[in-house]
Structure formats: C-alpha cells, structure tokens
Amino acid sequence: MSRAEMQALGWKELDVLLVNGDAYVDHPAFGPVLLGRWLVTHGFRVGIVAQPRWQSPDDLLVMGRPRLFVGVSAGALDSMLAHYTAFRKKRHDDAYTPGGKAGARPNRACLVYANLARQAFPGLPVILGGIEASLRRTTHYDFWTDSLRRSILLDAKADLLIYGMGELAMLECARRLAEGKSLHGIDGTAWLAKVDENNVPVDLPEEWLDLPRMQLPSHEAVQAEATELLRLTQMLEQQVHRQNAWAQQMVGDRALVLAPPARPLTTEEMDKIYALPYARAAHPRYREPIPADEMLRTSITSHRGCGGGCSFCSLALHQGRRISSRSQESILAEARKLVAQSRRGQVAISDVGGPTANMWQAHCALDDATSAKAEPGARPSSRCRRSSCCYPTVCKSFITPQMQHVGLLREVAALPGVRQVRVASGVRADLALNDPEALAAYTGEFTGGQLKVAPEHCAARVLDLMRKPGMEVFEAFLQSFVEQSRLAGREQYVVPYMMSAFPGCTDEDMHELARWLQERHWSPQQTQCFIPTPGSIATAMYYCGRNEDGEEIYVARSDADRLRQHRILMPDFGRMPERGGHADAEDASEGHHREPRRENTTERWRDERRSADGLASRHEGRRDFREDRMPPFPRFDDERESAPRRDFRHPDRDGFRKPGFRQDVDKPFRPRPFPDAARDDDDGRPFRKDGFRPRRFNDRDGSEGQDAWKRPRPFARFDDEQDEAPRHDFRRPDRDGFRKPGFRQDADKPFRPRPFPDAARDGDEAPQARPSFRRDAQDERPFRPRGDRFVDREGEEGRRPFRPRRDDDGQPFRKDGFRPRRFNDRDGNEGQDAWKRPRPFARFDDEQEGAPRRDFRRPERDGFRKPGFRQDADKPFRKNSFRRDGKPAFGSRRRDRGFDGPALNDDEE
Numbered sequence: 004m005s006r007a008e009m010q011a012l013g014w015k016e017l018d019v020l021l022v023n024g025d026a027y028v029d030h031p032a033f034g035p036v037l038l039g040r041w042l043v044t045h046g047f048r049v050g051i052v053a054q055p056r057w058q059s060p061d062d063l064l065v066m067g068r069p070r071l072f073v074g075v076s077a078g079a080l081d082s083m084l085a086h087y088t089a090f091r092k093k094r095h096d097d098a099y100t101p102g103g104k105a106g107a108r109p110n111r112a113c114l115v116y117a118n119l120a121r122q123a124f125p126g127l128p129v130i131l132g133g134i135e136a137s138l139r140r141t142t143h144y145d146f147w148t149d150s151l152r153r154s155i156l157l158d159a160k161a162d163l164l165i166y167g168m169g170e171l172a173m174l175e176c177a178r179r180l181a182e183g184k185s186l187h188g189i190d191g192t193a194w195l196a197k198v199d200e201n202n203v204p205v206d207l208p209e210e211w212l213d214l215p216r217m218q219l220p221s222h223e224a225v226q227a228e229a230t231e232l233l234r235l236t237q238m239l240e241q242q243v244h245r246q247n248a249w250a251q252q253m254v255g256d257r258a259l260v261l262a263p264p265a266r267p268l269t270t271e272e273m274d275k276i277y278a279l280p281y282a283r284a285a286h287p288r289y290r291e292p293i294p295a296d297e298m299l300r301t302s303i304t305s306h307r308g309c310g311g312g313c314s315f316c317s318l319a320l321h322q323g324r325r326i327s328s329r330s331q332e333s334i335l336a337e338a339r340k341l342v343a344q345s346r347r348g349q350v351a352i353s354d355v356g357g358p359t360a361n362m363w364q365a366h367c368a369l370d371d372a373t374s375a376k377a378e379p380g381a382r383p384s385s386r387c388r389r390s391s392c393c394y395p396t397v398c399k400s401f402i403t404p405q406m407q408h409v410g411l412l413r414e415v416a417a418l419p420g421v422r423q424v425r426v427a428s429g430v431r432a433d434l435a436l437n438d439p440e441a442l443a444a445y446t447g448e449f450t451g452g453q454l455k456v457a458p459e460h461c462a463a464r465v466l467d468l469m470r471k472p473g474m475e476v477f478e479a480f481l482q483s484f485v486e487q488s489r490l491a492g493r494e495q496y497v498v499p500y501m502m503s504a505f506p507g508c509t510d511e512d513m514h515e516l517a518r519w520l521q522e523r524h525w526s527p528q529q530t531q532c533f534i535p536t537p538g539s540i541a542t543a544m545y546y547c548g549r550n551e552d553g554e555e556i557y558v559a560r561s562d563a564d565r566l567r568q569h570r571i572l573m574p575d576f577g578r579m580p581e582r583g584g585h586a587d588a589e590d591a592s593e594g595h596h597r598e599p600r601r602e603n604t605t606e607r608w609r610d611e612r613r614s615a616d617g618l619a620s621r622h623e624g625r626r627d628f629r630e631d632r633m634p635p636f637p638r639f640d641d642e643r644e645s646a647p648r649r650d651f652r653h654p655d656r657d658g659f660r661k662p663g664f665r666q667d668v669d670k671p672f673r674p675r676p677f678p679d680a681a682r683d684d685d686d687g688r689p690f691r692k693d694g695f696r697p698r699r700f701n702d703r704d705g706s707e708g709q710d711a712w713k714r715p716r717p718f719a720r721f722d723d724e725q726d727e728a729p730r731h732d733f734r735r736p737d738r739d740g741f742r743k744p745g746f747r748q749d750a751d752k753p754f755r756p757r758p759f760p761d762a763a764r765d766g767d768e769a770p771q772a773r774p775s776f777r778r779d780a781q782d783e784r785p786f787r788p789r790g791d792r793f794v795d796r797e798g799e800e801g802r803r804p805f806r807p808r809r810d811d812d813g814q815p816f817r818k819d820g821f822r823p824r825r826f827n828d829r830d831g832n833e834g835q836d837a838w839k840r841p842r843p844f845a846r847f848d849d850e851q852e853g854a855p856r857r858d859f860r861r862p863e864r865d866g867f868r869k870p871g872f873r874q875d876a877d878k879p880f881r882k883n884s885f886r887r888d889g890k891p892a893f894g895s896r897r898r899d900r901g902f903d904g905p906a907l908n909d910d911e912e
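Taking our numbering, I'd label the letters of the sequence shown as residues 4 to 912.
In structure tokens form, the structure reads like this:
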C-alpha cells in the first residue's frame with residue numbers, strides 16, 4: 004500500500020502491482036488480496052493499490068515500477084452493477100468502500116485502470132482479471148448503454164485477460180514473465196492474435212492442435228443478427244464445462260483466442276490458499292468501517308462453484324459448475340483462528356458455505372469415472388453435456404453428501420469459543436428434499452429464525468426459462484420445513500427470493516405470483532428486478548427476445564414496463580410511504596389482473612405519479628382533471644376585478660413552483676420565468692390600475708413557500724401609501740418583490756429600477772421631507788404617512804410611522820444640502836447593525852458649508868456598503884478609477900442588477 008510498508012518488509016522494488024476497485028481488506032473473500040497472498044507465498048513481491056484516483060496515475064507510482072506486470076481488477080462486482088440499479092438509477096452506497104460511500108471507483112473500472120497503468124508504466128504488460136473482465140471477455144450486451152460491446156480486451160488494450168478463478172493462471176503468468184517466456188497458451192486466459200489465410204490464429208501452442216476447437220460467432224455476426232448472441236453464450240457455457248476445448252471469435256481481421264479453462268483447484272490447493280496468514284481486517288489507514296468487511300468477517304468459505312446452472316446466474320461462467328471443496332480440518336482450523344482473533348474469546352459464525360451451502364463436497368460421478376481412466380497428467384475433460392446438474396431434475400450422477408456438511412457444522416459448533424453456527428448462504432430446496440435427515444438438521448440446528456431459499460417465481464413457463472425446478476418442489480420443501488420447525492419447537496420462517504421482469508415473464512405471470520404470495524399471507528421484501536448482466540443466458544434472451552429453443556418470448560424492456568411488473572409485488576417501491584400503494588397491487592389483492600397495455604406506459608406512469616402527489620397531469624387530454632381540483636392560489640383578492648383574468652403558468656413547469664404572470668384575455672400569452680419584470684404592455688411602462696399585480700403562488704406542499712412568502716402582504720412597514728394619488732408598487736425585475744422592495748416615482752416618467760437601498764437624490768423644486776425618489780405624482784409634495792395598505796405578517800398595521808429625516812438643527816433635508824448615508828465597511832467596522840440606528844447620518848458635519856455638495860456613488864453598486872466620494876456640483880462627474888483598467892477599485896457584483904446607467908444629478912434628471 005505504501006513505500007514505508009515496502010521498506011518494512013525489506014523490499015526495494017515490486018514484482019507485481021495489483022490495482023483493485025475495492026477497499027483493501029485482508030480477507031480471503033476479497034480476490035486481489037487472496038491472489039496477492041498466493042503470489043507472495045510463491046516468492047513474488049506484490050503490492051496492492053486499492054481504489055486509486057483515476058484523474059492521474061500518481062497513486063500507481065507510489066511504490067515504483069513493478070518488475071513483471073500490472074494486474075487490473077474492478078473488484079468483487081462489475082463496476083456498472085455497483086453504480087446503477089435495475090432501473091438505471093445511481094446508487095448511493097457501495098459495500099466495498101469505507102463508510103459505504105459510492106463514487107470511489109469509476110464506471111468501467113477495468114478500462115480506466117488499464118489506461119492509468121499504461122500511462123504510469125509504458126511498455127509494462129497489463130493483465131485484466133476479476134468478475135468484470137471475466138464476464139466481458141467476448142462480445143456482450145451492455146444493459147446500461149443498451150448496446151453490444153466487443154471484448155473488453157480490445158477496449159482496454161491490455162496484453163492478456165484471465166477469466167474464471169485466477170490463482171493458477173496468475174501464478175503461471177508471473178513465472179513465465181520472470182523466465183522471459185510468452186504469455187500465450189496459459190489455461191484460463193484470452194488474448195488477441197493475428198490469423199493466417201485459413202483464419203487460424205498464429206503462434207498457437209503445439210499441444211492445442213489435438214484439442215477440440217469451438218468457432219464462436221464473430222462480433223460482426225452478432226451485431227447483424229441478435230440470436231447469434233444467444234448461440235455465442237451457449238457455446239461459451241459448454242466450453243467452460245467441457246474443460247478441454249479452446250475457442251476463437253473473429254473481431255475484424257483479428258482473432259480473440261480463448262484458452263481452455265483452468266482446472267478446478269484440488270482440496271489440497273484450496274486448503275493451502277485459505278491457510279495463508281490473513282489479518283481478516285481492513286487496512287489501518289481507513290478511518291471508517293467497510294460494510295462488506297463487517298458482513299464477511301465471521302464467515303467461512305467451504306467450497307466454490309455451483310451445479311445449479313441457473314440461466315440468470317454468472318457463477319457457471321465464472322466459477323464453473325464443478326465444486327472445489329476444502330477439507331474439514333482446514334475449515335475447523337479457520338474457525339479456531341476466528342475465535343483467537345475475537346476480542347472476547349467467543350465468536351458467532353455467520354456462515355459456513357459457498358454459492359449454495361448444501362453442495363459442499365459435491366461431485367459428478369461421470370467426471371470421477373473419466374478421471375480414473377485418464378492417464379496421469381492428462382488434461383481433465385467431461386462427458387456430461389447437460390446445461391444444469393439440477394434442471395429439469397437433479398441428475399443422478401450429481402452426488403451431494405449433505406450429511407457430511409451437517410457433520411461439519413456440528414464439529415464447528417462444538418469448538419470452544421464458538422457460540423453458534425448459522426447457514427446464511429442458503430440451501431437449495433430440491434437437494435434438501437433428497438435428504439430429509441439433512442433438511443431436519445438445517446432446520447432445527449443451523450437456522451437463525453430465517454432460512455433463505457430462492458424459488459424466484461411460481462409460473463411454470465418462467466421457471467423453465469430460469470432453469471429452476473417446478474413449484475411443487477418448493478411446496479414440498481415448505482411443508483417439510485414447517486413440520487421440522489414444529490418438531491424442534493422453534494418459530495422459524497422461510498425468506499423467499501423473488502424476481503420480476505425476467506425475460507418471458509408477463510404481467511399475468513406476475514399477478515399469478517402475487518396471488519400465490521397472498522394466499523400464504525406473505526409480503527416479500529427480497530424481490531429483485533432482473534438485471535441483464537453480461538455473459539448470462541438470460542441476458543442473451545433479453546437482448547434477442549427468444550428462449551434457448553429459438554421461440555419468441557415477451558420481454559419487458561422499458562423501465563416503465565419493468566417498474567410496473569416490480570410494483571405488482573412491491574406497490575410502494577420507489578415512492579415515499581405517505582403516497583400510498585399502486586393500483587396494480589389493489590387489483591392483485593382482489594384477484595383481478597390487467598392485460599398488458601400498449602399505450603405509452605412511461606407517460607401513464609408519470610401521470611400516476613403526479614396524480615398521487617396532487618399535481619396535474621402533463622397530458623393535454625386530462626385538462627378536466629385540473630379543473631376539478633381546488634384552486635391552488637386561494638388568497639388573491641385582486642381577482643374580483645371586472646376585467647377577465649387568466650392564470651397562465653410556465654409551460655415547461657406548468658405551475659410547478661415557478662409561476663408565470665396573468666394578462667388580459669385579448670392579448671397573446673407571453674410566458675416569463677419567475678421572478679420577472681412586471682410590465683403591463685409591450686411598451687415596457689409600469690403597471691397601472693388597469694394592469695395587474697403579479698400573483699403569489701403556493702409551494703408544492705400547499706403552503707405559501709418559503710418563510711418570506713408566508714406574509715399576507717409582501718411589504719409590512721411602508722406606511723406612506725395613504726396619498727390620494729394612485730400609487731404603484733414597483734419591484735426589482737431580477738427579484739420582483741422577493742423580500743427586497745423597489746421605489747415609486749411619478750407616473751409620467753419612465754421607470755428606472757434601482758437596488759435597495761438606493762442613492763439619496765435632491766428634489767427638483769419644492770423642499771421635501773424625503774429624497775426625491777419618494778415624490779408625489781402631482782405637485783412634488785412630500786409623502787404623508789399612511790399605514791392601511793401594507794401590513795406585517797401578523798396582519799397588523801405597520802409599527803413605525805414615517806418620520807422625515809432631519810439634520811443636526813432639526814430641520815428637514817433641503818435641496819442645497821443633504822447628508823450622504825454612512826455605509827458599512829466590508830470588514831465589519833460599522834457592521835450591518837449601523838443601518839438599524841434611528842439616525843443613520845449622524846457625523847457628517849461638513850455638509851453645512853455654503854457650497855452645494857452631492858454624493859456620487861458607483862452606478863453599478865450605487866452606494867451599497869461602499870461609500871463614494873463627493874465633488875463640486877459645477878464639475879463634471881468623474882468615476883473613481885483606482886485600477887489601471889479604468890474600472891472602480893471597490894465593490895462587488897452581487898447587487899448591481901437594478902441600475903443600468905450612471906448616477907444622475909438633479910439638473911440631468
């Protein structure tokens with residue numbers, strides 16, 4: 004992880020550098036850590052870079068250039084699956100990242116990390132591995148972009164790809180590079196090669212000439228015909244299961260060569276790998292817990308591989324169908340280590356299992372017979388051609404000694420310091436029914452109240468597409484489980500795993516499953532929507548729309564169709580709890596169902612969401628729904644005018660928080676965003692009595708929006724509005740009455756918006772009690788106080804009546820001399836509290852001189868916190884130019900929207 008750790012081990016350089024998309028947890032469940040320990044055991048110096056920053060290769064350069072190669076892995080999950088849900092929504096968590104935070108790895112991590120490795124170490128071999136590279140080794144369908152992609156080996160421009168479990172292949176790569184040999188021809192790897200005139204890859208190992216060859220459909224053929232992807236996936240599945248065939252796929256003028264898969268590890272090799280000195284803890288540099296570490300810390304892996312061969316599962320393509328099991332002694336030794344590492348000397352082991360717990364020590368009798376007849380050192384092969392060991396029925400040659408697994412669990416539970424042992428990885432129901440004694444033990448001794456079982460569905464045709472046994476098997480398992488739990492005197496439950504939107508599953512099938520669950524009073528929460536992950540048979544069926552026999556099937560492709568099926572089982576999925584359930588769920592509870600609709604389901608789903616929120620539909624044909632609602636704006640008293648008014652809302656938001664403005668019926672509608680400048684007609688003059696006032700709109704939840712909008716009237720303390728002359732309230736165009744008032748002026752003069760507070764101006768003729776921007780409309784009389792129009796938020800009249808400003812002698816401000824306002828400094832010397840003083844202009848005594856003085860402030864700031872400078876009235880106005888570019892040297896741009904031109908004196912005005 005760092006240069007200091009290398010020095011502590013006495014290493015001057017690395018042989019292998021592994022780049023990983025997961026956090027560094029020294030546990031055998033994390034693949035790169037296991038491979039690193041495996042290589043170190045064989046004499047290689049290995050460094051791990053966990054979750055590097057992908058903006059630059061600096062994190063890869065911390066430990067220097069490795070001697071042999073760089074290994075790249077996206078982590079325990081495909082990076083796209085780790086980032087996005089079944090409905091292509093961004094995930095907010097990542098179990099393999101400190102703190103469970105998402106975003107520590109990039110999308111398509113293998114491609115990004117491979118590019119970083121080439122930038123950091125030019126000319127060094129780059130080898131891909133892990134689940135992401137393994138499932139994308141040939142042409143595959145990418146669900147998140149809804150397109151076909153070629154092999155990840157070409158996009159990453161790597162030298163080699165290791166597919167499947169990589170212990171043997173990784174070790175062989177390190178040995179060959181150390182000896183200066185070629186990497187081509189290693190079992191369990193793939194590479195690109197040129198072809199000769201017969202389309203045969205050049206430089207093939209000589210021993211491969213006698214092996215079976217599988218010609219996969221080319222990338223161009225899969226692009227041209229969708230069904231070729233299904234045939235390609237089926238051939239890959241057979242190539243992995245046969246173990247003795249190599250495959251070739253043409254991509255343009257080059258060949259993608261797939262070596263025969265690596266052989267399964269023996270029991271001795273499995274014991275050796277899991278006996279390595281793992282710390283079973285996260286790296287000490289992490290300050291936050293890692294959720295995956297918390298979950299896997301007390302679990303024990305007993306075997307690899309799964310013989311189920313379900314069409315939606317990638318284990319058959321990655322780990323294979325053959326089971327590699329550890330010995331009982333190795334598992335007991337690991338359980339003792341868990342007890343020794345625990346703080347209290349006791350531990351509760353959460354799981355002793357693998358992909359399926361009751362497949363420990365399982366094996367195929369046909370493979371055993373073939374291995375017995377083979378010569379020593381010969382390549383393993385299989386005579387079995389079944390796609391699954393358990394479908395349509397459990398194969399007679401598939402031997403599963405489940406009582407041996409029960410005996411193992413009892414031995415682990417009897418160890419000193421082990422409080423309890425549970426089977427969290429789940430059991431396969433059809434295998435458990437074949438051994439009632441083992442089923443009784445699983446139920447009565449090793450179930451912690453809940454037992455995980457995956458029937459996935461109840462419709463027969465969907466189960467056939469999934470390669471799952473019929474529902475009668477699960478019914479028999481349930482009956483046996485209930486009986487065994489009753490005999491054991493324990494109240495226990497089965498946790499069924501269900502799946503929606505599987506290829507071939509219709510709405511009728513989902514309603515059938517919903518009725519089946521309702522009959523048993525089940526409300527399952529372990530329901531997942533099918534995600535087409537690369538490399539599986541079900542993904543190929545999803546892409547081409549046909550089953551394995553080539554028959555056309557229904558596929559829920561759009562997110563709306565998939566969400567509709569998912570909500571049949573989980574009505575509240577994706578909604579807030581207070582919004583209630585889904586209509587399809589109500590139909591299912593009454594025993595009814597709906598046929599699949601052919602209209603635009605995305606629009607229908609959006610309309611249902613909006614109607615559940617109390618909002619209007621966006622569809623034009625549902626305007627009557629909008630008219631039936633109560634009016635959303637109930638407090639507008641100016642709607643009682645005789646002139647007809649209409650409520651026009653912003654078209655793109657349709658009254659959704661952003662209102663527009665009303666106008667006369669005989670004028671065309673001009674949508675304006677809110678807030679906008681209030682104008683009565685096209686000439687831009689202010690609104691009159693025959694105009695309108697902008698309406699106040701409610702927030703989404705029915706309230707009046709933010710706290711500033713909750714006042715019955717927007718301006719509470721302007722009491723000078725009792726004049727007989729008509730008054731108009733003009734607000735700043737960019738804020739338009741939103742907490743900051745503007746200023747009134749004569750009706751016959753053009754409107755000049757100014758920010759608040761504005762520059763104080765002298766009057767033209769008559770002495771005034773206030774600056775000239777507060778003038779009467781007829782005879783330039785000073786404003787008289789009035790408090791009837793504007794009230795505060797409690798509904799009372801303004802508290803402070805208007806008082807004219809006076810000078811030190813107690814006289815009103817005159818034309819020939821007024822006091823400029825004192826403004827605060829930015830550093831807070833005066834502070835904003837200085838504005839709240841009763842007399843804001845207290846210490847300017849030089850205004851009593853005979854010469855008239857004026858206060859000129861920056862037009863774009865106009866006296867906002869930063870004082871300007873005065874000069875003689877008979878001199879032209881000169882801007883303050885303290886900067887070389889001629890612009891004023893002070894002020895900011897926060898409140899300069901309300902004034903467009905220079906400051907005016909009285910003569911110019």
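Where is the CB? At the ideal position from N, CA and C, for every residue including glycine.
Residue i classed as buried or exposed, judged by whether at least 16 other C-beta atoms fall within 10 angstroms
i      : result
ALA377 : exposed
ALA227 : exposed
ARG6   : exposed
PRO208 : exposed
HIS460 : buried
HIS524 : exposed
GLY553 : exposed
ILE130 : buried
HIS569 : buried
ASN201 : exposed
PRO292 : exposed
Whether residue i touches residue j by CB criterion (7 Å)
i      : j      : result
ALA914 : VAL409 : The shown model of the chain, from 4 to 912, leaves out residue 914, and the question about it has no answer.
ALA559 : LEU232 : no
ALA172 : GLY191 : yes
THR450 : SER317 : no
GLY132 : ILE155 : no
ALA416 : GLN487 : no
VAL426 : GLY492 : no
ALA229 : CYS547 : yes
Inter-residue CB distance, residue i and residue j (contact presumed, cutoff 8 Å)
i      : j      : result
VAL397 : ASN437 : 7 Å
GLN529 : MET501 : 7 Å
ARG422 : ALA351 : 5 Å
ALA120 : LEU63  : 6 Å
ASP29  : TYR281 : 5 Å
SER374 : PRO383 : 7 Å
ARG48  : LEU17  : 5 Å
LEU261 : THR142 : The pair is not a contact, with the Cβ atoms about 12 Å apart (cut-off 8 Å).
VAL19  : ALA177 : 6 Å
Identified DSSP bridge partners for residue i
i      : result
PRO204 : VAL198
THR530 : MET501
LYS104 : ASP96
LYS455 : VAL498
GLY50  : LEU20
GLN540 : Reading the sequence as shown, one finds Ile at residue 540 and not Gln. None; ILE540 has no bridge partner.
Starting from the N-terminal side, write out each stretch of the alpha helix (DSSP H) that is 4 residues or longer and does not extend beyond the segment 360-425. You should have 368-376, 405-416.
Whole beta strand (DSSP E) elements within the segment 208-236, 3-residue minimum: Counting whole runs of 3 or more residues, the segment 208-236 contains the beta strand (DSSP E) stretches 216-218.
Length at least 3, wholly inside the segment 238-268: the beta strand (DSSP E) runs in chain order: With a minimum length of 3 residues, the continuous beta strand (DSSP E) runs that stay inside the segment 238-268 are 249-254, 257-261.
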